[in-house]
Amino acid sequence: MRSLLLAAVAVLAASVGTARADHGLTKGTPDIKSATAMAFGPNGILFVGDAAGAAVFAIDTQDTSPAGTGEVKVDRVDAQIAGVLGVSDKDVRINDMKVNPASGNVYFAASRGQSGGPAIVRVSRAGKAEPLAMKDVPFAKVAIANPGKGGKDPTGVVTSMAFLDGKLIVAGLSSEQFASTLRVIPFPFPKETDKGTAIEIFHGAHNAIETRSPIRTFTTYKIGGEDNLMAAYTCTPLVKIPVSELKPGVKVVGKTIAELGNGNQPLDMISYTKDGKDYLLVTNNKRGVMKIPAAEFATAPAITTKPSVPGGVKYDSITELKDVVQLDKLDATRGLIVVKTDAGFDLKTIPLP
Numbered sequence: 004m005r006s007l008l009l010a011a012v013a014v015l016a017a018s019v020g021t022a023r024a025d026h027g028l029t030k031g032t033p034d035i036k037s038a039t040a041m042a043f044g045p046n047g048i049l050f051v052g053d054a055a056g057a058a059v060f061a062i063d064t065q066d067t068s069p070a071g072t073g074e075v076k077v078d079r080v081d082a083q084i085a086g087v088l089g090v091s092d093k094d095v096r097i098n099d100m101k102v103n104p105a106s107g108n109v110y111f112a113a114s115r116g117q118s119g120g121p122a123i124v125r126v127s128r129a130g131k132a133e134p135l136a137m138k139d140v141p142f143a144k145v146a147i148a149n150p151g152k153g154g155k156d157p158t159g160v161v162t163s164m165a166f167l168d169g170k171l172i173v174a175g176l177s178s179e180q181f182a183s184t185l186r187v188i189p190f191p192f193p194k195e196t197d198k199g200t201a202i203e204i205f206h207g208a209h210n211a212i213e214t215r216s217p218i219r220t221f222t223t224y225k226i227g228g229e230d231n232l233m234a235a236y237t238c239t240p241l242v243k244i245p246v247s248e249l250k251p252g253v254k255v256v257g258k259t260i261a262e263l264g265n266g267n268q269p270l271d272m273i274s275y276t277k278d279g280k281d282y283l284l285v286t287n288n289k290r291g292v293m294k295i296p297a298a299e300f301a302t303a304p305a306i307t308t309k310p311s312v313p314g315g316v317k318y319d320s321i322t323e324l325k326d327v328v329q330l331d332k333l334d335a336t337r338g339l340i341v342v343k344t345d346a347g348f349d350l351k352t353i354p355l356p
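So this note's numbering is basically just the index in the sequence shown, starting at one, shifted up by 3.
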């Protein structure tokens, strides 16, 4: 009897280990309708936000072997992506770019023209592009409860994502009265997300409280040992939101600590450390690349009345970086950027400024 019990315990332990290792993924073909945002989780797991399908997918890229430490440089990366997808480079739209921390390879979320469907393309450190396999791959899907319609911008359902401590944080719009929403999704995924957390901010440049505009880009950052989201909206408030307050069905008031300039769309954001100091690096469509020191994040007063713009926490403009449309960390000292040129889009490695 004792032997039988020990054998049963061993089988149970093995099955639990398998469940943990596969992250709840099963083999199949994900029915992704769009790829608007990405984030990486553990062991090369890629999260893909599907705004059109109101869902988030987790896909095992099986890309975990270190691919080297050299810089990445690809001229006309849009043409490379178009080539492996079998379409014209004019029919490719790059929606997001992320570096896989497990391997160092680079991933692009793309659209094939107006209605050609989504694609995920991997670019190696050597610059070779290949589409990510989407047939008979380990994946999981979670439906987004009460998704917003996004108005003129259908990508608004999923605008930005980050993985933190076993959970995926998803920014976007809901159909609730307070449409700006953050959803915290445990991983492995449930069948459906909860209602999410409604986000209210004071938009200094607009001199108004806003609840309907989505966060356009965000990153996670520890302040005083506690996890926060540093989030940027259109026109361009920088807002601090404690992760501990993100609970389903409640409303959270974010703390606006900077107004970075109106008439501007934030495109991407990372945090990094250089010479012992922490910074945010934010790229924008009208105001270029901004380097924002994090030293004042803990003590910066909330902006509650219309300030001079820019106002609040100060930033430095990185004038040598122009027309940057995507941004991610390649490693602790280097960044990876997608730059718009007259001919198309180039992929470049840069030292973090």
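Ideal Cβ positions, reconstructed from N, Cα and C, are used throughout, including at glycine.
Excluding five sequence positions before and after Pro217, the CB atoms of its chain that fall closer than 7 Å to its own CB belong to Gly159, Thr162, Ala174, Gly175, Leu176 and Ser183, given in chain order.
At a Cβ-Cβ threshold of 8 Å, Val51 and Ala112 count as neighbours. DSSP lists Ala211 as the bridge partner or partners of His206.
Three or more beta-carbon pairs separated by less than 8 Å link the region 250-263 to the region 193-210, which places the two stretches in contact. In the assembly as shown, Val253 is an exposed residue. Its beta-carbon has fewer than 16 other beta-carbons within 10 Å.
Cα atoms of Thr222 and Lys332: separation of roughly 12 Å, rounded to the nearest angstrom.
Secondary structure of Asn46 (DSSP, three-state): helix.
Linking Thr67 to Ala208 through their CA atoms gives a straight-line distance of about 44 Å.
Taking C-beta separations shorter than 6 Å and ignoring five residues to either side along the sequence, the partners of Ala143 in its chain run Gly27, Leu28, Ala61 and Phe192, following chain order.
With a minimum length of 3 residues, the unbroken runs of beta strand (DSSP E) contained wholly in the region 179-255 fall at 183-189, 200-206, 211-213, 220-226, 229-235 and 240-245. Ala129 sits in coil when the DSSP states are folded into three classes, being neither helix nor strand. Here Gly116 is exposed. Its C-beta has fewer than 16 other C-beta atoms within 10 Å. Counting only the Cα atoms, Val140 lies some 28 Å from Leu350. The beta-carbon distance between Asn265 and Val342, rounded to whole angstroms, is 24 Å. This is too long to meet the 8 Å contact definition.
In the three-state scheme derived from DSSP, where H, G and I count as helix and E and B as strand, Gly279 is classed as coil. For Val246, the CB contacts under 6 Å within the same chain, skipping 5 residues up- and downstream, are Asp230 in chain order. Between Gln65 and Gly44 the beta-carbon gap is near 14 Å, outside 8 Å, which marks them as no contact. By a beta-carbon distance limit of 8 Å, Ala82 does not contact Arg128. Their separation comes to about 19 Å. Distance between Pro251 and Arg219, taken at the CA atoms: about 21 Å. Leu350 is bridged by DSSP to Val77 and Val341. Ranking Ala55, Ala261, Asn287 and Leu232 by CA distance to the CA of Met164 puts Leu232 first. In this structure, DSSP gives Val87 a helical state, which the three-state scheme calls helix.
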